[in-house]
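Heads up: the sequence shown is residues 7 to 361, going by my numbering.
I have placed the structure first, in the form of structure tokens, so that the comments after it can refer back to it.
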Amino acid sequence: MFNPGSRVLAYAETKVPAGVDGLRDERAQMGVVAGVLWLSMGLLLLIVQLLPGTPREHVWFVLMATPLLMLYGALCLRLIIPWTTTSMGATALVSALLFPVVGVALWATGGAGSYMEIMLFPAVLFTAWFQRPLYAWLLNGELVLIVASSFLYDPDAVAAAQPARVLAFGATTAAVTWTMKAVKYRMLEAEALQRRYAGEDPLTGLYNRRAFDEHLGRILTEDADAAGGTALLLIDLDNFKSVNDALGHAAGDAVLREVARRARAAVRPADVVARLGGDEFAIVVGGGSMQAAVRLQGELEAALSGISSAPAGPAVDATVAWAVAPQGATNADALLQVADARLYLGKRRRVSLTS
7 MFNPGSRVLA YAETKVPAGV DGLRDERAQM GVVAGVLWLS MGLLLLIVQL
57 LPGTPREHVW FVLMATPLLM LYGALCLRLI IPWTTTSMGA TALVSALLFP
107 VVGVALWATG GAGSYMEIML FPAVLFTAWF QRPLYAWLLN GELVLIVASS
157 FLYDPDAVAA AQPARVLAFG ATTAAVTWTM KAVKYRMLEA EALQRRYAGE
207 DPLTGLYNRR AFDEHLGRIL TEDADAAGGT ALLLIDLDNF KSVNDALGHA
257 AGDAVLREVA RRARAAVRPA DVVARLGGDE FAIVVGGGSM QAAVRLQGEL
307 EAALSGISSA PAGPAVDATV AWAVAPQGAT NADALLQVAD ARLYLGKRRR
357 VSLTS
């Protein structure tokens with residue numbers, strides 16, 4: 007069955023799956039946002055040092071922490087870090103190692119009541135949106151601990167109302183993380199549903215023509231790179247019109263669903279079964295040889311013979327034809343033409359045998 011939902015929700019997995027362009031775009035966006043975030047934080051820290059009234063007791067620590075933040079931001083913006091291929095665990099580890107640098111800057115800018123506390127919220131938002139749920143909670147929890155660490159080195163923390171600030175920061179961080187994750191999940195759930203409707207045949211649950219064309223082109227490229235073959239099988243039902251004429255379209259729909267079920271059961275889970283339209287179906291078998299295509303043709307014709315939606319109703323058989331790349335053709339259009347020509351000959355042969 008066509009089921010893109012698991013791929014769409016794979017933002018929570020370790021790496022972006024091949025062929026999921028939306029997720030790949032989001033990972034690239036993640037790098038750009040991270041670059042802007044850390045560059046702007048470092049730049050703002052430098053600018054604040056020039057403002058009157060800014061505490062400068064530990065200015066040298068600020069000046070040491072700032073280049074690290076800006077360097078990381080610059081690396082992100084130049085996309086030197088391979089965001090689309092790096093695991094989410096690795097990106098979370100980098101953030102976990104970078105946050106203590108922020109803690110040093112927080113200490114150096116006043117500790118309890120530091121103006122830098124408010125600057126941590128962009129990092130909270132970034133982590134809550136882009137990171138997988140477990141990492142988001144752990145990283146944002148680390149930021150809360152960094153804010154609370156002022157109790158360890160600032161004797162005036164309680165007098166400066168730091169307990170209330172830590173509680174407010176922690177509660178707000180938790181609320182923001184939960185809200186962002188809920189919104190992200192609903193958005194991805196809606197995207198999964200949209201992809202499903204865009205690529206699924208509503209009657210049979212198989213791939214539709216649009217999704218089939220995309221998959222065929224992709225698997226031809228992948229198998230060519232791997233020096234493998236791709237088998238394409240076309241299925242056309244015989245005597246299907248008589249079912250609709252004798253029993254109505256509801257009976258015809260039942261036959262199509264049964265054809266889909268039997269075709270799906272005859273192939274491997276990784277193979278793609280599609281309904282191209284009407285009573286035409288197609289199967290794509292990655293790594294398929296000519297011998298495998300011929301064998302599968304016979305199995306399908308046997309599995310799809312004598313299908314009827316009523317005991318006394320007309321029975322439906324199927325004509326199956328195959329083509330194999332790269333022997334028969336090297337691109338999707340040519341492969342379809344080869345299989346379609348064989349299908350036409352097969353239909354004529356069946357007609358001549360029954361007449």
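Built from N, CA and C at the ideal position, the CB exists for glycine as well.
Bear in mind the structure is a predicted one, so any value in this text is a computation, not a measurement.
Proximity of the region 307 to 324 to the region 260 to 275 meets the contact definition, three or more beta-carbon pairs being nearer than 8 Å. Under the 10 Å beta carbon count, Arg62 is surrounded by fewer than 16 other beta carbons and is classified as exposed.
Between Val42 and Gln55, the C-beta spacing is not below 8 Å. By the Cβ neighbour-count rule, Trp113 is buried, with 16 or more other Cβ atoms within 10 Å of its own. Three or more beta-carbon pairs separated by less than 8 Å link the region 117 to 128 to the region 154 to 173, which places the two stretches in contact.
The DSSP-derived three-state label of Gly176 is helix.
DSSP places Gly147 in the helix class (H, G or I) of the three-state scheme. Per the C-alpha coordinates, the member of Ala188, Gly48 and Ala316 positioned closest to Asn250 is Ala316. One alpha carbon belongs to Gly294, the other to Arg224, and they sit about 15 Å apart. For the options Thr336, Arg355 and Ala327, the alpha carbon positioned closest to that of Ala347 is the one of Ala327.
By the 16-neighbour rule on beta-carbons within 10 angstroms, Leu103 is exposed. Taking the CA atoms as reference points, Ala338 sits about 35 Å from Met36. Here DSSP, grouped into helix, strand and coil, assigns Val261 to helix. Excluding five sequence positions before and after Val291, the CB atoms of its chain that fall closer than 6 Å to its own CB belong to Ala237 and Asp277, given in chain order. With three or more CB-CB distances shorter than 8 Å, the region 130 to 142 counts as touching the region 186 to 194.
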